[in-house]
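Q:
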Amino acid sequence: MTEQGTTHVIEVTINGQLYSRTVEARQLLVHFLRDTLDLTGTHIGCDTGSCGACSIILNGKLVKSCMMLAPQADGAVIETVEGLAQNGELNPLQESFSRNHGLQCGYCTPGMLMAGTYLLRENSNPTEEEVRRGIKGNICRCTGYVNIVQSIMDVAGGHGPEQAEGMVGEEQR
Amino acid sequence: MLLKSVNYVRPESVSEALGILSSNEGAAPLAGGQSLTNVLKHRVASVDLLVDISALSELRTITRMTDGSIEVGACATYDEIDHSPDVRAGHDILAREASHIEDQQIRNRGTIGGNCCLSDPTNNLPPLLVALDATMNIRAAAGSREVAAEDFFKGYFLTALEPGELLVSITIPPIPVGAGAGYVSLSVAADSKTIVRAAARVRVNGVIEEARVVLARVASVPIRHYAMEEALRGVAPTTESVRAAAELIGSDVEPIADGHGSSEYRREMARVVARRAVLAAIEEGGRK
Amino acid sequence: MQGEGSFIDDLGIHGQGYAWFVRSPYAHARIVSVDVSAAMALQGVYAVLTGDEAKEMCLVPFVQIAPGDGSRIEEWPLAVDKVRYQGDAVAVVLADSRDTARDAAELVEVEYEPLTVVVDGVEAAEPTASVLHEKAETNVAWHGVFDYGDVDFALENADHVVKIDRLHFHRFSSTPLECNGAVVDWDKGSGVVDVKSNIQMPLFAAMVIGPALGVPINKFSFSSRDIGGAFGNKIAFYPQIAALALLSKKAGRPAKWTEYRTEHMLSSTHGNERTFLDIEVPVMADGTILGVKARAVDDVGAYLHYEPLGAVIWSQVTAGCYKFKNVQIDFTSVVTNKCPVAPNRGYSRMQHLWMLERVIDIVAHELDFDPVELRKTNFVQPEDYPYLTPNGCVYDSGNLPLALDMALELADVDAWRRRQKELGTGTGKRIGIGIGSTLDSGTNNFGQARIMNPDLPFSGNGEAAFAKLDLYGEVNINLGTTPQGQSHETTSAQVAADILNMSPDDVTVTIGFDQAHNSFVGFSGTYASQFAVTGLGAVMGAVAKLRDEILEVGAFALQAPKDDLELRNGACVVKDDPSRSIPFIGIANLIYTNNAVLPRELSAKIDLNCRYVYVPPFEVPDVERKMGNLTLTYAIQIHVCVVEIDEETGVVEILSYAAIDDCGKRINPQVVEGQVHGAAGLGIAAALYESFEYDEDGQLQEPSFYEYHAGTAMDIPDIRTGNIESPSPFTPNGAKGMGEGGGAALHTICNAIQDALGKDGAVVFDSHNTWERVYELLQSSQGSEPRGVRVISREVGPA
């Protein structure tokens, strides 16, 4: 990467698995995930970094993968929606979304789940206002946000600390 | 949505970055990318070589000096600034305003340097930095220089940076004793694009002794409104006197209209946010 | 939830190329030349299609449903001779990658000769305006007068006439998070055009483009999987599909297209923009409103997609929630140099209902009535149902006064009225309380299209469903709908499970739509708040048939009379002796793989594959009088909100928001509530943040989410909900369709702002109110400019 080039070889760890690929410098990280690696759970909803459908956690930080280039992810540790469920079992946040009807069309859901995951790691018992701030970067057109906020708060409030811990992945900031 | 073919390099030091920037005409630094990526997606500007400086630790440090000033690395993210105890200690307003920039994802990547170097009139931090009398620390392969914040922003997407130069950090002096800072933004929606905003640093000692009043999105760059500052000096720190001073914001400012607001509305609101920012600064100064 | 959805961009076909449309930067221009040589020379480009080529490959232009002048409006898969809006497609490129297609599109050289642009709908209707479609010789796509009762008599004899110069419903759309997309494969060998897409009315698309492409319906193969929201905005992108089909035919390989956001904002779908002029309202001294008279000009953009149906659809709710009888609307649909409109959530009714709600509130203010009492005086009353409206529609059931009372209580209005008084004047803040009553009419009678064009062979409605027992006894349902998050699969499984007396978990509802299932009719799709009635009606019918067939076979297998049998948990059992039973797998075996065991008359008539079409009880409307039963069900929503306005800036903050809905029998309360939240969220955002505006050169000012502020979780407040269930007497299950929501949030917010402006304040005349607009309204409230409202009161002589 210290050499200039229009293509680069990058290594990325995604949901615990290491990938090594050659990418064009111009490729957005979200296209790398979706088109190169077939991880189509991360979605694209806009072209100005406004909607958050592409949100992932990279090196412990919630980011919009459409606002990064693939070569910038070299050496990064990434979590996407595909890594949330364990052995086909929904994790507590996912369960809460299901229980609270926190999704309708499901298109914003992967981004919302990553935003919710990050928010709860930073703040395990957020107020409604804090939840709304935490998902401000994620647009939903179906739900009016009411049940999404409820889904995230229901994990925090309705479950004990051991459940919240269980959601924090192995990789830490 | 899709970028043109572009070259990319990730230097391992600031010197290396400077070397590359000075020897490649079509090169541009890539920091957080929260603005530049959009520019490239929409193909509104041409960059041949992206020089990724976002991971350079030299550019990400935040240091509080013994005299109370802080030096913030150009690639410090808004989130890092929000959570920095050093920033919170003496420049809480900077941390607060950084914490309200758009959304968490943007705050995790966007940098103070990027916010300044884009020089878009809607950028959040430039008017605050001018109000706080910050200094921009610039480095080139040949050497370094400093530029006062109020001289750094030259026009739309134009700063004092010469080709081959990098903004490496921003030094903000301590807020003077008896002074406070204020920042008020009238925005399209919550934590969203600004219609107009004002930042102020005001020192009161019985009367207003010193005032810096900066308006944003009324011109191509943040501007100090000298007439209002003049009118504030020596008057009582009351709502009435501040309101009267704000009335001086008039046809001397000609904000550009767009879908988010007419010129006339922005001008009238500039008076409102200027007054509120000054009053907030007075209140903060009084609390300390 | 686990990232395993199948949205259109997730799908593909081996060997596909990627498509990118070349779109006009001009709002109105002649196409002088299109040079594709540089694009074709780029390595990796398979083909480029231009407008002239597309026209050459077509037999006729797209089917148009307008009569008269409007029928002469022509549209082809790509622009031919002229472009008529910024974003009008002039060519499409197919290449080996998205990047190559994008790069090649930039190399297509188009020379334009700009023409005069017309962006104002009212001006566009004038004979002097620049004409978009030469063959039509006018921009008026349709005109008609709807006249019920005798509003002129009412105006002459009423105690008061309230005159309102102008009300304007703005242009916006629901902008689903997923944009449009398709993978289209024209297989020359078989002649089949395979279309995988997220279009929400696939057969409508086929009917419009089939004749143009020379493809019969049975040679299309439309299918969809997961759809990331639609709200009506995914009904009308059939021109893109037609262009992709021709591109695929030319290139000899499938064409995959994924729309990007800016492209969607420019060239997908906007909602109808409607201006009401010269509104006159006759009112009696006791507050009884006798009717309304107005001119309406509907700006439908550059081409007619689904239009001018909007010219008649609003008449499903001619008098809204109110029982006045005298309505006259002079309606004009006009084309302009803007993005074409198509049904956007609340299609055409929302615009009309908003106008009526503004009228109620303006009348209340001008004549000093309490907006609550005025509504109750004029509401259709609970004892009036089923209620015949002035134009022959029938409101099925409801309780408007109760819904209003519940909404007021849920929003805590009494407490806020006290707070409003406390705030008084001069504190820099004002509180406003607004009511929005609306109807969500569902299950259209498509015969109303004949009111717009008597020659259209459309009427009624329907939806199909297929229920079967599969080879191993599995219960499977196929729908004709194209769900986009409305939980059709869940509710269908629930309904089916109830009939078959088994767990919904064991009922499989095929996800998405597939033409090959043959579970569709011409109206199939998901739109217009009708699934609970038509979709579930079809499911119920199909499953009832299946149940009967299972019992028939069971009667033979168990050697017992059919009446002695019942279904329990996936088996057919003898009621009084459950040890005698046969599981579904056994039933299936007898029909599919073991039929010699059965008596001939049984195996001849039973096949366990039950298709049913639910047909609502409609008749063809009276085209002459523009009357008829146009919709089967009317869900009700009443919203109340409390806002606080900063007098110095016009900033509006929502302090309290409540919504009461009545959609008859609630099949799945959580799903219903989700729809109420969603419609309210979109409506609040439209009222305060979202608007599509064009400058005088026809340039869209909000071409992406950067400028068009979609409401976020920090903008949309918590929405409290409550409900009433007034079952519909007209539907199989007592449920009414709901989902569009009738735009209640727009009515509510505008009325709250009006309330804050005070009795003599300026009139809220636009459905979109930014902080600047509210500031202007506050400023003009203090001035003496004409308010746009006048009251003429009749002198009442001595009694």
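Residue numbers (my numbering), protein chains in the order written: chain A, 231 to 403; chain B, -10 to 277; chain C, 86 to 884.
Idealized CB from N, CA, C, for every residue including glycine.
1) Consult DSSP for residue 228 (chain B) and reduce its assignment to one of helix, strand or coil.
2) Can you list the residues of chain C that residue 175 (chain B) reaches, using a CB-CB cut of under 8 Å?
3) Is there a Cβ from chain B that is less than 8 Å from the Cβ of residue 345 (chain C)?
4) Along the chain, where does the beta strand (DSSP E) that runs through residue 308 (chain C) open and close?
5) Just to confirm the assignment: which complete alpha helix (DSSP H) runs, minimum length 4, are found wholly within the stretch 36 to 74 of chain B?
6) Taking the Cβ atom as the reference point for each residue, do residue 382 (chain C) and residue 417 (chain C) lie within a distance shorter than 8 Å?
7) Unbroken beta strand (DSSP E) runs of length 3 or more, entirely within the stretch 296 to 349 of chain C: which are they?
8) Between residue 698 (chain C) and residue 625 (chain C), how many whole angstroms is the CB-CB distance? I'm expecting something under 8 Å.
9) For residue 378 (chain C), which of helix, strand or coil comes out of DSSP?
10) Here's the rule I'm using: 16 or more other beta-carbon atoms within 10 Å means buried, otherwise exposed. How should residue 634 (chain C) be labelled?
11) Does the CB of residue 390 (chain A) have a neighbour CB from chain B at under 8 Å?
12) Would you kindly work out how many angstroms separate the C-alpha atoms of residue 297 (chain C) and residue 332 (chain C), rounded to a whole number?
13) Taking 8 Å as the CB-CB cut-off, is residue 215 (chain B) touching chain C?
14) Whole angstroms are fine: how far does the CA of residue 192 (chain C) sit from the CA of residue 100 (chain B)?
15) Measure how close the beta-carbons of residue 716 (chain C) and residue 878 (chain C) come, nearest whole angstrom, since I'm counting them as under 8 Å.
16) Confirm, please, whether the CB-CB distance from residue 314 (chain C) to residue 838 (chain C) is below 8 Å.
17) Let me check one thing: in DSSP terms, what residues is residue 413 (chain C) bridge-paired to?
18) From what residue to what residue does the alpha helix (DSSP H) around residue 704 (chain C) run?
19) Would you mind sorting residue 41 (chain B) into buried or exposed? The rule is 16 or more other CB atoms within 10 Å of its CB.
20) Is there at least one Cβ from chain C nearer than 8 Å to residue 248 (chain B)'s Cβ?
21) Taking C-beta pairs closer than 7 Å, name the residues in chain B that residue 256 (chain A) reaches, listed in chain order.
22) What separation, rounded to the nearest whole angstrom, lies between the Cα atoms of residue 327 (chain A) and residue 377 (chain A)?
23) Restricting to Cα atoms, I'd like to know which of A:267, A:347, A:375, A:297 is closest to residue 359 (chain A).
24) Please state if the CB of residue 178 (chain C) and the CB of residue 189 (chain C) are separated by a distance shorter than 8 Å.
25) Anything in the stretch 797 to 819 of chain C with a Cβ closer than 8 Å to a Cβ of chain B? List those residues in chain order, please.
26) Could you compute how far the alpha carbon of residue 823 (chain C) sits from the alpha carbon of residue 756 (chain C)?
27) Pull up the CB-CB distance for residue 387 (chain C) and residue 197 (chain C), whole angstroms please, since I reckon it's below 8 Å.
28) Using a Cβ distance threshold of 8 Å, determine whether the stretch 224 to 235 of chain B contacts the stretch 142 to 158 of chain B, with at least three qualifying pairs required.
29) Along chain B, in chain order, which residues have C-beta atoms closer than 7 Å to that of residue 293 (chain A)?
30) According to DSSP, is residue 11 (chain B) helix, strand or coil?
31) Using the three-state DSSP reduction, which class does residue 436 (chain C) fall into: helix, strand or coil?
32) Look at the alpha carbon of residue 17 (chain B) and the alpha carbon of residue 43 (chain B), and state the distance between them as a whole number of angstroms.
33) Nearest chain C C-beta to residue 244 (chain A) closer than 8 Å, yes or no?
34) Can you look up residue 512 (chain C) in the DSSP assignment and give me helix, strand or coil?
35) Please identify, using Cβ separations under 7 Å, the residues of the stretch 265 to 279 of chain A that lie next to chain B, in order along the chain.
36) Can you pull out the residues from the stretch 295 to 324 of chain A whose beta carbon lies closer than 8 Å to at least one beta carbon of chain B?
A: Straight from the coordinates:
1) Translated into the one-based positions of the second sequence, residue 228 (chain B) becomes position 239. Look at residue 228 (chain B) here: in three-state DSSP terms it is helix.
2) As a first step, residue 175 (chain B) must be located in the second sequence, where it is residue number 186. Near residue 175 (chain B) (Cβ distances below 8 Å), the residues of chain C are 734, 736, 856.
3) Position 260 of the third sequence, counted from the first residue, corresponds to residue 345 (chain C). Taking Cβ atoms only, chain B reaches closer than 8 Å to residue 345 (chain C), which makes this a yes.
4) Looking up residue 308 (chain C) in the third sequence gives position 223. Where residue 308 (chain C) is concerned, the enclosing beta strand (DSSP E) stretches over 305 to 309.
5) With a minimum length of 4 residues, the continuous alpha helix (DSSP H) runs that stay inside the stretch 36 to 74 of chain B are 67 to 71.
6) Here residue 382 (chain C) is taken as the residue at index 297 of the third sequence, counted from 1. Here residue 417 (chain C) is taken as the residue at index 332 of the third sequence, counted from 1. Going by C-beta atoms, residue 382 (chain C) is nearer than 8 Å to residue 417 (chain C).
7) If only uninterrupted beta strand (DSSP E) runs of at least 3 residues are considered, those enclosed by the stretch 296 to 349 of chain C are 305 to 309, 340 to 343.
8) For the purposes of this step, residue 698 (chain C) is taken as the residue at position 613 of the third sequence. For the purposes of this step, residue 625 (chain C) is taken as the residue at position 540 of the third sequence. Rounded to the nearest angstrom, the Cβ distance from residue 698 (chain C) to residue 625 (chain C) is 12 Å, too far for a contact under 8 Å.
9) In the third sequence, counting from the first residue as 1, residue 378 (chain C) sits at position 293. Note: residue 378 (chain C) maps to strand in three-state DSSP.
10) In the third sequence, counting from the first residue as 1, residue 634 (chain C) sits at position 549. For residue 634 (chain C), the number of other beta carbons within 10 angstroms of its own is at least 16, and it is reported as buried.
11) Indexing the first sequence from 1 puts residue 390 (chain A) at position 160. With a pLDDT of only 31 at residue 390 (chain A), under the threshold of 50, the placement of this residue in the model should not be trusted, and no figure is reported.
12) In the third sequence, the residue the question calls residue 297 (chain C) occupies position 212. In the third sequence, the residue the question calls residue 332 (chain C) occupies position 247. If I take the Cα positions, the gap works out to 14 Å.
13) Within the second sequence, residue 215 (chain B) is the residue found at index 226, counting from 1. Under the Cβ distance rule, residue 215 (chain B) does not count among the residues neighbouring chain C, no pair being separated by less than 8 Å.
14) On the second sequence, residue 100 (chain B) is found 111 positions in, with the first residue counted as 1. On the third sequence, residue 192 (chain C) is found 107 positions in, with the first residue counted as 1. Roughly 35 Å between the two C-alpha positions.
15) As a first step, residue 716 (chain C) is located in the third sequence; it is residue number 631 there, counting from the start. As a first step, residue 878 (chain C) is located in the third sequence; it is residue number 793 there, counting from the start. Not a contact, Cβ separation roughly 37 Å.
16) Taking the third sequence and counting its residues from 1, the one referred to as residue 838 (chain C) is at position 753. Taking the third sequence and counting its residues from 1, the one referred to as residue 314 (chain C) is at position 229. No.
17) The count along the third sequence starts at 1 and reaches residue 413 (chain C) at position 328. DSSP lists C:232, C:378 as the beta-bridge partner residues of residue 413 (chain C).
18) The count along the third sequence starts at 1 and reaches residue 704 (chain C) at position 619. In this chain, residue 704 (chain C) is not harboured by any alpha helix (DSSP H), its DSSP state being neither H nor E.
19) For the purposes of this step, residue 41 (chain B) is taken as residue 52 along the second sequence, with counting starting at 1. Residue 41 (chain B) comes out buried.
20) In the second sequence, the residue the question calls residue 248 (chain B) occupies position 259. Judged by the 8 Å Cβ criterion, residue 248 (chain B) is in contact with chain C.
21) The sequence position of residue 256 (chain A) within the first sequence is 26, counting from 1. Listed along chain B, the residues sitting closer than 7 Å to residue 256 (chain A) by beta-carbon distance are -8, -7, -6, -5.
22) As a first step, residue 327 (chain A) is located in the first sequence; it is residue number 97 there, counting from the start. As a first step, residue 377 (chain A) is located in the first sequence; it is residue number 147 there, counting from the start. When rounded, the distance between both Cα atoms is 8 Å.
23) Position 129 of the first sequence, counted from the first residue, corresponds to residue 359 (chain A). From the listed residues A:267, A:347, A:375, A:297, the smallest Cα separation to residue 359 (chain A) is found for A:375.
24) Reading the third sequence from its first residue, position 104 is the one you call residue 189 (chain C). Reading the third sequence from its first residue, position 93 is the one you call residue 178 (chain C). Cβ atoms of residue 189 (chain C) and residue 178 (chain C): closer than 8 Å.
25) For the stretch 797 to 819 of chain C, residues whose beta-carbon sits nearer than 8 Å to a beta-carbon of chain B comprise 797, 799, 800.
26) Taking the third sequence and counting its residues from 1, the one referred to as residue 823 (chain C) is at position 738. Taking the third sequence and counting its residues from 1, the one referred to as residue 756 (chain C) is at position 671. Approximately 10 Å, taken between the alpha carbons.
27) The residue you call residue 387 (chain C) lines up with position 302 of the third sequence. The residue you call residue 197 (chain C) lines up with position 112 of the third sequence. Cβ atoms of residue 387 (chain C) and residue 197 (chain C) stay farther apart than 8 Å, at about 15 Å.
28) Two segments are said to touch when three or more pairs of C-beta atoms, one from each, lie closer than 8 Å; by this definition the stretch 224 to 235 of chain B does not touch the stretch 142 to 158 of chain B.
29) As a working note, residue 293 (chain A) is residue 63 in the first sequence. Annotation: Cβ neighbours of residue 293 (chain A) in chain B (cutoff 7 Å, chain order): 94, 97, 98.
30) If you number the second sequence from 1, residue 11 (chain B) lands on position 22. Helix.
31) The residue you call residue 436 (chain C) lines up with position 351 of the third sequence. Correct three-state label for residue 436 (chain C): helix.
32) Counted from its first residue, the second sequence places residue 17 (chain B) at position 28. Counted from its first residue, the second sequence places residue 43 (chain B) at position 54. Roughly 12 Å separates the two Cα atoms.
33) By one-based count along the first sequence, residue 244 (chain A) stands at place 14. Residue 244 (chain A) does not count as touching chain C.
34) Indexing the third sequence from 1 puts residue 512 (chain C) at position 427. Here residue 512 (chain C) sits in coil by DSSP.
35) Those residues of the stretch 265 to 279 of chain A that come within reach of chain B (Cβ to Cβ, closer than 7 Å) are 277, 278, 279.
36) Residues of the stretch 295 to 324 of chain A that bring their beta carbon within less than 8 Å of a beta carbon in chain B comprise 296, 297, 298, 299, 301, 302, 304, in sequence order.
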